[in-house]
Amino acid sequence: MPPGKVLQPVLKMKVDELFLRWLSESSTQALLRDCLQRIKVPGRSPGALLAPAAPACKPGVLDGLGVPSLAPASTALPLGAASSPRSGPHARGTRRSTGTRAVQAKKEQPLPPAASQNIPAFYFPRGRPTDTLHVDAVISKIEHTFAQFPHERATMDDMGRVAKACGCPLYWKGPLFCSAGGERTGSVSVHKFVAMWRKILHNCHDDAAKFLHLLMNPGCNYLVQEDFVPFLQVIQRIFYTVNRSWSGRITCAELRRSTFLQNVALLEEEADINQLTEYFSYEHFYVIYCKFWELDTDHDLLIDSQDLARHNDHAVSTKMIERIFSGAVTRGRKVQKEGKISYADFVWFLLSEEDKRTPTSIEYWFRCMDLDGDGALSMFELEYFYEEQCRRLDSMAIEALPFEDCLCQMLDLVKPQNDGKITLRDLKRCKLANVFFDTFFNIEKYLDHEQKEQVSLLRDSESEGPELSDWEKYAAEEYDILVAEEAAAEPWEDGYEAELSPVEQKLSSLRSPLAQRPFFEAPSALGAVDLYEYACEDDDLPPS
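Shown next as structure tokens:
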């Protein structure tokens, strides 16, 4: 390695691991002890130092300390003593070298195992194992449930009772049915289901691991978007909240840290699905879809940069729109090639735009503002986005704050740990990240923040209790407006229904039964509508 070059963090960890492995070898430890003896008594040979004199210690003392004994006391002679009728320097030198070889041979014997090797296991990636009696009790309960069905075979309608027998939430019945092969035959036999569930119980020991095993493809240890069925907007809400690594793959650890499984369990208890606002609210879906439909003027389920710029009356700056279409927050090369984003990408944009306080939205806009991808926002990058804000304020006859003054305000707001740059950690610690982002690329919200005092903004961000998030407030207001507009248009109907697009027909059929139908079922007719094309190709690029 060239002098002065610093190892990368991953490489340094590997080097440290190899060094510790070398240091734990018995031969290495023997060599180190030999060197320490040389340092303590300079001018002596290793053999003389390691061979103690007869009266120095009693046999077995070192054995009690876990260190192998070096040589019998009777074989070690003081330096300069004659050991045979022959005397002379050659005889003494020969006797000393022989003792050294004997001591080194003894030292190369393997050391007894360290006590740390007996530490019990404490890391369980698939949950802490349960006893066999619990597994047998669950299997017995499942067999008793299947005995109530004709020919001991369960259809999709029967899987709710089977899910309860398994100890799973009601809305796991779809994954259970498909994982046992029910989607191919229309029903599941007791023997096939018990074999499948017994295998899961032996390998997966908590809800996150079981759920992952039910939905994932064979040979994988993560979930991708195609593993969820069948509602695209819900899928994007799931990945937006759960997939914190931005990899497009939900791991068991991410699923365990999220509240997704708890929300699935609440579906059978909550009569109004709109109360579960984190993933399954129909009102939220209706708002997102209507916003997308307003921008998608040609209704090809794709929008370009000009369409997206019209969101909220051109509130988002042009430079930020360009960054969104540059691939900074989209997966794959399709956006860069065709210059259009899909409905799935729009879901991420709208959730991030209307609520800039969540961890995912902060990461979303940080990726967009980090032009060089070095993991920090420099003063140049901040000025790059603020220039357009100044021009737009001038066109509105509003005097813009000089960049130097604005920068001082933002640094006081964020309080970065390092001078001259703002990191993602700084923005996540800051409770007013929404004010920071709106200052540089959203003119309407920037003016709203300017009309409020910073103290009132901080008080709003620190309020405790079940406060609605910015997204929930936005969705509730927009939904009321959409419902009012739809109600106002009803008296003008003259007996002839307006022709709906294919997507609107699917949505109108879903509006009433959406709250009653299970989320995890076999795909409904909506699955035939290609709302989002997500192809895992070799040339796909992760978000930069």
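Here full-length UniProt numbering is used: the first residue of the sequence shown is 1, the next is one more, and so on. We put the beta carbon where it would ideally sit given N, CA and C, even for glycine. Remember, predicted model here, so these are calculated numbers, not experimental data.
- Message: Would the region 187-197 count as touching the region 132-145 if we require 3 or more Cβ pairs under 8 Å?
- Response: yes
- Query: For Phe-149 versus Asp-157, is the C-beta distance shorter than 7 Å?
  - Reply: no
- Query: What are the uninterrupted segments assigned as alpha helix (DSSP H) that are 4 or more residues long and contained completely in the region 237-304, given in chain order?
  - Reply: Entirely contained in the region 237-304, the alpha helix (DSSP H) runs reaching 4 residues are, in chain order, 252-257, 260-266 and 282-295.
- Quick one: what's residue 554 bridged to in DSSP? Missing from the structure shown is residue 554; the chain here goes from 1 to 544 and no further.
- Message: Can you tell me whether Leu-255 sits near the ligand HEM, meaning its C-beta is under 6 Å from at least one heavy atom of the ligand?
- Response: This structure simply doesn't include the ligand HEM, nor any ligand for that matter.
- Message: Checking 7 Å against the spacing of the C-beta atoms, do Glu-388 and Ser-317 come in under that value?
- Response: yes
- Query: Excluding five sequence neighbours on each side, which residues of the same chain lie with their C-beta closer than 6 Å to the C-beta of Glu-152?
  - Reply: Phe-146 and Val-190
- Query: If you draw a straight line from the alpha carbon of Phe-280 to that of Asn-243, how long is it in whole angstroms?
  - Reply: 17 Å
- Query: Helix, strand or coil for Ile-341 per DSSP?
  - Reply: strand
- Item | For Ser-189, the residue or residues it bridges with in DSSP | Answer is Arg-153, bridged to Ser-189.
- Query: When the Cα atoms are used, what is the spatial distance from His-213 to Asp-448?
  - Reply: 47 Å
- Query: Is it a yes or a no for the region 165-173 touching the region 247-265, going by three-plus beta-carbon pairs under 8 Å?
  - Reply: yes
- Look at Gln-209 and Gly-127 and say whether their C-beta atoms are less than 7 Å apart. Contrary to the premise, residue 209 reads as Ala rather than Gln in this sequence. A distance below 7 Å separates the beta carbons of Ala-209 and Gly-127.
- Query: In whole angstroms, what separates the C-alpha of Arg-33 from that of Asp-16?
  - Reply: 21 Å
- Shortest alpha-carbon distance to Phe-124 belongs to which of Lys-173, Phe-285 and Cys-252? Cys-252
- Query: In the DSSP assignment, what are the bridge partners of Asn-442?
  - Reply: Val-316
- Item | Same chain, Cβ closer than 8 Å to Ala-81, neighbours up to 5 away in sequence not counted | Confidence in Ala-81 is poor, its pLDDT being 39 and thus under 50, which makes the residue's placement too unreliable to answer from.
- Message: For Ala-344 and Asn-118, what's the separation of their Cα atoms in angstroms?
- Response: 50 Å
- Task: On the DSSP bridge assignment, give the partners of Tyr-479 in chain order.
- Result: DSSP lists no partner for Tyr-479.
- Does the region 371-384 come close enough to the region 422-434 that 3 or more CB-CB pairs lie under 8 Å? yes
- Classification of Gln-275 by the beta-carbon crowding that lies within 10 angstroms, buried from 16 upward: exposed
- Quick one: measure Cβ to Cβ for Arg-367 and Ala-328, integer angstroms, because I've assumed they're closer than 8 Å. Sure, about 5 Å apart at Cβ, within 8 Å.
- Query: Is the distance from the Cβ of His-202 to the Cβ of Ala-475 below 7 Å?
  - Reply: no
- Message: Going by DSSP in three states, Tyr-222 sits in which element: helix, strand or coil?
- Response: strand
- Extent of the continuous alpha helix (DSSP H) run through His-213: 207-215
- What whole-angstrom Cβ distance do Asn-217 and Asp-207 have, given they're in contact under 8 Å? Actually they are not in contact, since the Cβ atoms of Asn-217 and Asp-207 sit about 20 Å apart, beyond 8 Å.
- Under the rule that 16 or more other beta-carbon atoms within 10 Å means buried, what is Trp-22, buried or exposed? exposed
- Determine the DSSP secondary structure at residue 566, reduced to helix, strand or coil. Outside the displayed range of the chain (1 to 544) lies residue 566, so it cannot be described from this structure.
- Task: With DSSP as the reference, label Val-15 as helix, strand or coil.
- Result: The answer is helix: DSSP assigns Val-15 an H, G or I state.
- When the Cα of Asp-300 is compared with those of Asp-405, Ser-342 and Ala-487, which residue comes out closest? Ser-342
- Task: Just confirm the distance between the C-beta atoms of Asp-296 and Ile-303, as a whole number of angstroms; I'd bet it's less than 8 Å.
- Result: 5 Å
- In chain order, what residues of the same chain lie with their CB nearer than 8 Å to the CB of Glu-381, ignoring the 5 residues before and after it? The residues are Met-369, Asp-370, Leu-371 and Asp-372.
- Message: Among Ser-395, Gln-236, Cys-178 and Ala-433, whose alpha-carbon lies nearest the alpha-carbon of Pro-359?
- Response: Ala-433
- In whole angstroms, what separates the C-alpha of Tyr-479 from that of Ile-324? 26 Å
- Task: Give every residue of the same chain whose Cβ lies closer than 7 Å to the Cβ of Pro-129, excluding the five residues on either side of it in the sequence, and list them in chain order.
- Result: Listed in chain order, the non-local C-beta contacts of Pro-129 below 7 Å within the same chain comprise His-205, local neighbours out to five positions each way being set aside.
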